[in-house]
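Undergrad: What the sequence shown shows, in full-length UniProt numbering, is residues 1 to 399, in sequence order.
Glycine is no exception: its CB is placed at the ideal position from the N, C-alpha and C atoms.
All of these numbers come straight from a predicted model, not from anything done at the bench.
Handing you a structure now.
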Amino acid sequence: MIVGKNFWDEEKDAPILKRNGNYINKENCEYVCKRAEHFYEIMLSYIKEEIDVEIRENCNDKEILRIIKLDAERTFNKEENRSLLIEVLQSIYPITNDYHQGISFISSFLLLFLEPREVVKIITGLHRYYLPGYFKAMPKAYVRDSRVFLSILNHFHPNLYEHIKNLITPEAFVSKWFIGLNVHVLTFESLMLFFEHLLKEGEIFLFKYSIALCRTLELEIMNTNDVSKLLALLRLDQKLFPNDYKKSEAQKIGDFFLNIIEASLKVDMTNIDLDKLREEACEQMRLEEERRKQIEMERLLTDDEIIFSDEEEEEDDLDDDDEGDADLTQSEQGNKSDHADNLDRVEKSLNVELNKLQLDEENKAKPEDAKEKAISSGEAQKSEKKNVEKRECEEADCI
């Protein structure tokens, strides 16, 4: 694409070229294309088998096609170049059976140097042999590996691990490295080097690169507690790290980004058991999913147990029909409790009803006791009256 006659006039300000940093130009574009042609050869030396692909001229999924077209519009200016990207993306879709914008990032970068068929081959190889499960709308494999990265960071730099973990989750920023493969993150000069090492070493290089980047930014990371600032640092936001960024005056333009790749090669992963860390991350995700479902179920049950005012009024009407005049006290109590919350009202109503039932049972069970109590009370009153009269007579005689 970049060797096209009008490319540099039509696409010089295209979004895909924002990180070019003048690395590729009209004079050296053929050399860079030849360098990129070795990408597939490097991949073959890693996967040990050829990849056959089919270029498709259409996509049966209308919604996916709509998203693909939008991504193409966000990437290139000229319709001809957009059509090439659409052709690549709709050819990849039947292979991945899903779509993630990261595929568009990688494909558009590779299309600058390679033919559509070669791009589809490389993306297919990445999907099958390097990053299986990453290019999904909801990529659990990526979420797993983003947590693995954090565990590896804890192994090398516990201070960075604690600081980052307390501010953000790894899923919030690792996608730029693992799914987008640093397109729009690294400058093109360093991105070419990144692809060469990734295709040569496999997925392990992603973790090495991630550790190297955090090491490079250790001071900046530890000095901020602002989540937005931290995200911008970890994503190498272009506002903080423009293409000509230099960490010191001694650096040349571009060295900052190249040094991250060089530092990646020095990260020793010998003592890192990637399979074990992935198993632990999967178990953590499983437990979190169970807990999420449990909380959701508890929330639904809580919603079901709430008694609303209109439901309570219906229950009160039924009680009035059954209990008659005895419910006057309960009605008064209900009126007083109207200002309490639903649960308090239900509790008070139940307590009143329970007390009434207990009194009714006692009255039914001991009718004679009630009668005897009434007679005894009347006799006591008569006896007291006689005693009073007797004392009054005695006092009158004494006077």
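Taking C-beta to C-beta, are residue 170 and residue 149 nearer than 9 Å?
TA: Mapped onto the sequence shown, residue 170 falls at position 170. Mapped onto the sequence shown, residue 149 falls at position 149. It is a contact, given that the beta carbons lie within the stated cut-off.
Undergrad: Quick one: give me the first and last residue of the alpha helix (DSSP H) that residue 238 is part of.
TA: Taking the sequence shown and counting its residues from 1, the one referred to as residue 238 is at position 238. Element bounds for residue 238: n/a, residue is neither H nor E.
Undergrad: If I measure Cβ to Cβ from residue 65 and keep anything under 7 Å in the same chain, skipping five residues before and after, which residues do I get?
TA: Mapped onto the sequence shown, residue 65 falls at position 65. Result list for residue 65: 59, 90, in chain order.
Undergrad: Should the segment 21-28 be called in touch with the segment 92-107, which here means at least 3 C-beta pairs below 8 Å?
TA: Cβ pair count under 8 Å is below three, so no.
Undergrad: Specify whether the segment 26-38 and the segment 84-100 touch according to this definition: at least 3 beta carbon pairs, one from each stretch, less than 8 Å apart.
TA: Contact between the segment 26-38 and the segment 84-100 is absent, because fewer than three Cβ pairs lie under 8 Å.
Undergrad: Given 8 Å as the limit, is there contact between the segment 231-248 and the segment 173-185, that is, 3 or more CB pairs closer than that?
TA: At 8 Å Cβ cutoff, the stretches touch.
Undergrad: At which residues does the alpha helix (DSSP H) containing residue 222 begin and terminate?
TA: Reading the sequence shown from its first residue, position 222 is the one you call residue 222. First-last of the alpha helix (DSSP H) with residue 222: 218-222.
Undergrad: Only counting runs of 4 or more residues, tell me where the alpha helix (DSSP H) segments fall wholly within the segment 86-136, in order along the chain.
TA: As far as the segment 86-136 is concerned, its whole alpha helix (DSSP H) runs of at least 4 residues are 101-111, 116-125.
Undergrad: Go ahead and label residue 226 buried or exposed: buried means 16 or more other beta carbons lie within 10 angstroms of its beta carbon, across all protein chains shown.
TA: Taking the first residue of the sequence shown as 1, we reach residue 226 at position 226. Under this definition residue 226 is an exposed residue.
Undergrad: Is residue 1 buried or exposed, if buried means 16 or more other CB atoms sit within 10 Å of its CB?
TA: Here residue 1 corresponds to residue number 1 of the sequence shown, with the count starting at 1. The residue in question, residue 1, is buried, as its Cβ has 16 or more Cβ neighbours within 10 Å.
Undergrad: So, residue 167 versus residue 230, is the Cβ gap smaller than 9 Å?
TA: Residue mapping note: residue 167 aligns to position 167 of the sequence shown, counting from 1. Residue mapping note: residue 230 aligns to position 230 of the sequence shown, counting from 1. For residue 167 and residue 230, yes; Cβs fall inside 9 Å.
Undergrad: For a quick check, are the C-beta atoms of residue 82 and residue 15 less than 9 Å apart?
TA: Residue numbering aside, residue 82 sits at position 82 when the sequence shown is read from its first letter. Residue numbering aside, residue 15 sits at position 15 when the sequence shown is read from its first letter. For residue 82 and residue 15, no; Cβs fall outside 9 Å.
Undergrad: Tell me, to the nearest whole angstrom, how far the beta carbon of residue 153 is from that of residue 161; I am working on the premise that it is less than 8 Å.
TA: Here the question's residue 153 lines up with position 153 in the sequence shown. Here the question's residue 161 lines up with position 161 in the sequence shown. That pair is a contact at about 5 Å.
Undergrad: Whole-angstrom Cβ separation of residue 131 and residue 49, contact assumed at under 8 Å?
TA: As a working mapping, residue 131 is identified with position 131 in the sequence shown. As a working mapping, residue 49 is identified with position 49 in the sequence shown. At roughly 17 Å, the Cβ-Cβ gap does not stay under 8 Å, so residue 131 and residue 49 are not in contact.
Undergrad: Is it right to say residue 9 is buried, meaning 16 or more other beta carbons lie within 10 angstroms of its own, or is it exposed?
TA: As a working mapping, residue 9 is identified with position 9 in the sequence shown. Answer is exposed; the Cβ neighbour count stays below 16.
Undergrad: Hey, does residue 96 have any beta-carbon neighbour from chain B nearer than 9 Å?
TA: Chain labels in this structure do not include chain B; a single protein chain is all it has.
Undergrad: Suppose you measure from the CA of residue 254 to the CA of residue 301; what does that come to, to the nearest Å?
TA: Indexing the sequence shown from 1 puts residue 254 at position 254. Indexing the sequence shown from 1 puts residue 301 at position 301. Each residue's Cα considered, the two are about 58 Å apart.
Undergrad: If we ignore side chains and look at the alpha-carbon of each, how far apart do residue 79 and residue 45 end up?
TA: Against the sequence shown, residue 79 aligns to sequence position 79. Against the sequence shown, residue 45 aligns to sequence position 45. Computed Cα separation, rounded: 36 Å.
Undergrad: Which ranges would you report for the alpha helix (DSSP H) in the segment 158-216 if only whole runs of at least 4 residues count?
TA: Here the runs fully enclosed are 158-165, 175-178, 188-201, 204-216.
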